[in-house]
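Enquirer: I'd like to ask you about the structure that follows.
Numbering (the working numbering), first residue to last: 1 to 151.
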(Lines of atoms letter the chains of each structure in order from A and count residues from 1; the text may use other names and numbers.)
(Lines give C-alpha, C1' and ligand atoms only; values in the text may rest on other atoms or scores of the structure.)
Protein backbone atom coordinates (compact mmCIF):
# COMPACT_ATOMS: atom_id res chain seq x y z
CA UNK A 1 0.00 0.00 0.00
CA UNK A 2 2.87 2.36 0.84
CA UNK A 3 4.41 1.78 -2.58
CA UNK A 4 1.12 2.61 -4.28
CA UNK A 5 0.94 5.88 -2.34
CA UNK A 6 4.50 6.76 -3.39
CA UNK A 7 3.86 5.99 -7.06
CA UNK A 8 0.72 8.13 -6.86
CA UNK A 9 2.70 10.92 -5.17
CA UNK A 10 5.25 10.94 -7.99
CA UNK A 11 2.50 10.99 -10.60
CA UNK A 12 0.71 13.87 -8.87
CA UNK A 13 4.02 15.73 -8.61
CA UNK A 14 4.66 15.28 -12.32
CA UNK A 15 1.17 16.47 -13.23
CA UNK A 16 1.60 19.48 -10.96
CA UNK A 17 4.95 20.46 -12.44
CA UNK A 18 3.63 20.06 -15.97
CA UNK A 19 0.58 22.20 -15.19
CA UNK A 20 2.86 24.98 -13.95
CA UNK A 21 5.04 24.65 -17.06
CA UNK A 22 2.02 24.63 -19.36
CA UNK A 23 0.58 27.69 -17.65
CA UNK A 24 3.77 29.58 -18.44
CA UNK A 25 4.08 28.63 -22.08
CA UNK A 26 0.84 27.22 -23.44
CA UNK A 27 -2.13 29.23 -22.30
CA UNK A 28 -3.16 32.59 -23.70
CA UNK A 29 -5.75 33.88 -21.22
CA UNK A 30 -4.53 35.14 -17.83
CA UNK A 31 -7.41 33.50 -15.96
CA UNK A 32 -6.71 30.07 -17.40
CA UNK A 33 -2.95 30.51 -16.82
CA UNK A 34 -3.60 31.37 -13.19
CA UNK A 35 -5.95 28.39 -12.74
CA UNK A 36 -3.41 25.98 -14.23
CA UNK A 37 -0.56 27.43 -12.18
CA UNK A 38 -2.49 27.32 -8.89
CA UNK A 39 -3.73 23.80 -9.63
CA UNK A 40 -0.19 22.68 -10.38
CA UNK A 41 1.19 24.28 -7.23
CA UNK A 42 -1.53 22.69 -5.08
CA UNK A 43 -0.79 19.29 -6.59
CA UNK A 44 2.95 19.71 -6.09
CA UNK A 45 3.01 21.30 -2.64
CA UNK A 46 -0.07 19.83 -0.97
CA UNK A 47 -1.44 16.66 -2.54
CA UNK A 48 1.92 15.09 -3.43
CA UNK A 49 3.48 15.56 0.02
CA UNK A 50 0.37 14.14 1.74
CA UNK A 51 0.65 11.03 -0.42
CA UNK A 52 4.39 10.92 0.37
CA UNK A 53 3.66 11.01 4.11
CA UNK A 54 1.17 8.18 3.73
CA UNK A 55 3.74 6.15 1.80
CA UNK A 56 6.43 6.63 4.45
CA UNK A 57 3.94 5.76 7.18
CA UNK A 58 3.00 2.48 5.51
CA UNK A 59 6.30 1.17 4.10
CA UNK A 60 9.97 1.19 5.07
CA UNK A 61 11.94 4.24 3.95
CA UNK A 62 14.48 2.05 2.18
CA UNK A 63 11.78 0.88 -0.21
CA UNK A 64 9.85 4.13 -0.62
CA UNK A 65 12.69 6.66 -1.01
CA UNK A 66 14.16 5.30 -4.26
CA UNK A 67 10.77 5.61 -5.91
CA UNK A 68 11.00 9.42 -5.67
CA UNK A 69 12.96 9.19 -8.91
CA UNK A 70 9.86 8.06 -10.76
CA UNK A 71 9.00 11.75 -11.30
CA UNK A 72 11.68 11.73 -13.97
CA UNK A 73 10.21 8.63 -15.58
CA UNK A 74 6.66 10.02 -15.69
CA UNK A 75 7.90 13.34 -17.03
CA UNK A 76 9.98 11.64 -19.73
CA UNK A 77 7.00 9.54 -20.80
CA UNK A 78 4.40 12.32 -20.81
CA UNK A 79 6.20 15.62 -21.57
CA UNK A 80 6.51 14.98 -25.32
CA UNK A 81 2.71 14.67 -25.47
CA UNK A 82 1.64 17.22 -22.87
CA UNK A 83 4.27 19.93 -23.36
CA UNK A 84 5.52 19.12 -26.85
CA UNK A 85 9.08 18.59 -25.62
CA UNK A 86 11.59 16.72 -27.77
CA UNK A 87 12.93 13.50 -26.26
CA UNK A 88 16.62 12.80 -26.93
CA UNK A 89 18.61 9.60 -26.57
CA UNK A 90 20.26 11.10 -23.49
CA UNK A 91 16.85 11.63 -21.89
CA UNK A 92 15.96 8.00 -22.54
CA UNK A 93 19.30 6.74 -21.22
CA UNK A 94 19.04 8.90 -18.11
CA UNK A 95 15.51 7.70 -17.46
CA UNK A 96 16.56 4.07 -17.85
CA UNK A 97 19.36 4.65 -15.33
CA UNK A 98 16.84 6.14 -12.88
CA UNK A 99 14.54 3.14 -13.33
CA UNK A 100 17.42 0.71 -12.81
CA UNK A 101 18.63 2.56 -9.73
CA UNK A 102 15.18 2.77 -8.20
CA UNK A 103 14.51 -0.91 -8.85
CA UNK A 104 17.87 -2.00 -7.45
CA UNK A 105 17.60 0.21 -4.37
CA UNK A 106 14.07 -0.89 -3.58
CA UNK A 107 14.67 -4.58 -4.13
CA UNK A 108 18.20 -4.94 -2.73
CA UNK A 109 18.04 -2.52 0.20
CA UNK A 110 16.98 -3.40 3.75
CA UNK A 111 13.26 -4.07 4.03
CA UNK A 112 12.68 -3.35 7.68
CA UNK A 113 12.59 -0.21 9.74
CA UNK A 114 14.98 0.00 12.62
CA UNK A 115 15.33 2.66 15.25
CA UNK A 116 18.74 4.24 15.21
CA UNK A 117 20.30 5.43 18.44
CA UNK A 118 22.41 8.50 19.06
CA UNK A 119 25.43 6.26 19.52
CA UNK A 120 24.82 4.66 16.12
CA UNK A 121 24.59 8.09 14.44
CA UNK A 122 27.73 9.30 16.20
CA UNK A 123 29.51 6.16 15.05
CA UNK A 124 28.64 6.99 11.46
CA UNK A 125 29.42 10.72 11.61
CA UNK A 126 32.73 10.25 13.42
CA UNK A 127 33.93 7.43 11.18
CA UNK A 128 36.77 7.66 8.67
CA UNK A 129 34.51 6.58 5.80
CA UNK A 130 32.18 9.52 6.49
CA UNK A 131 35.15 11.89 6.42
CA UNK A 132 36.19 10.44 3.04
CA UNK A 133 32.61 10.73 1.77
CA UNK A 134 32.39 14.38 2.83
CA UNK A 135 35.77 15.17 1.25
CA UNK A 136 34.70 13.65 -2.08
CA UNK A 137 31.28 15.33 -1.94
CA UNK A 138 32.80 18.72 -1.08
CA UNK A 139 35.36 18.40 -3.86
CA UNK A 140 32.63 17.51 -6.35
CA UNK A 141 30.50 20.46 -5.27
CA UNK A 142 33.42 22.87 -5.53
CA UNK A 143 34.40 21.56 -8.97
CA UNK A 144 30.78 21.83 -10.11
CA UNK A 145 30.46 25.36 -8.74
CA UNK A 146 33.70 26.53 -10.37
CA UNK A 147 32.72 24.90 -13.67
CA UNK A 148 29.30 26.55 -13.66
CA UNK A 149 30.72 29.99 -12.79
CA UNK A 150 33.01 29.86 -15.82
CA UNK A 151 30.03 29.48 -18.14
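We put the CB at the ideal spot given by N, CA and C, even for glycine.
Note that this is a predicted model, so its numbers are computed, not measured.
1. In angstroms, rounded to a whole number, what distance separates the CA positions of residue 124 and residue 56?
2. Quick one: using the 10 Å Cβ neighbour count with 16 as the cut-off for buried, is residue 143 buried or exposed?
3. Looking at the unbroken alpha helix (DSSP H) that takes in residue 91, where does it start and where does it end?
4. At which residues does the alpha helix (DSSP H) containing residue 10 begin and terminate?
5. Return the CA-CA distance between residue 145 and residue 86, expressed in angstroms with no decimal places.
6. In chain order, what residues of the same chain have a beta carbon less than 7 Å from the beta carbon of residue 77, not counting five sequence neighbours either side?
Expert: Here's the rundown:
1. Cα-Cα distance, rounded: 23 Å.
2. Exposed.
3. Following the DSSP letters along the chain, one finds residue 91 inside the alpha helix (DSSP H) bounded by residues 89 to 108.
4. Residue 10 -> alpha helix (DSSP H) spans 2 to 25.
5. Straight-line Cα distance between these residues: approximately 28 Å.
6. So the list is empty, once near-sequence residues are dropped.
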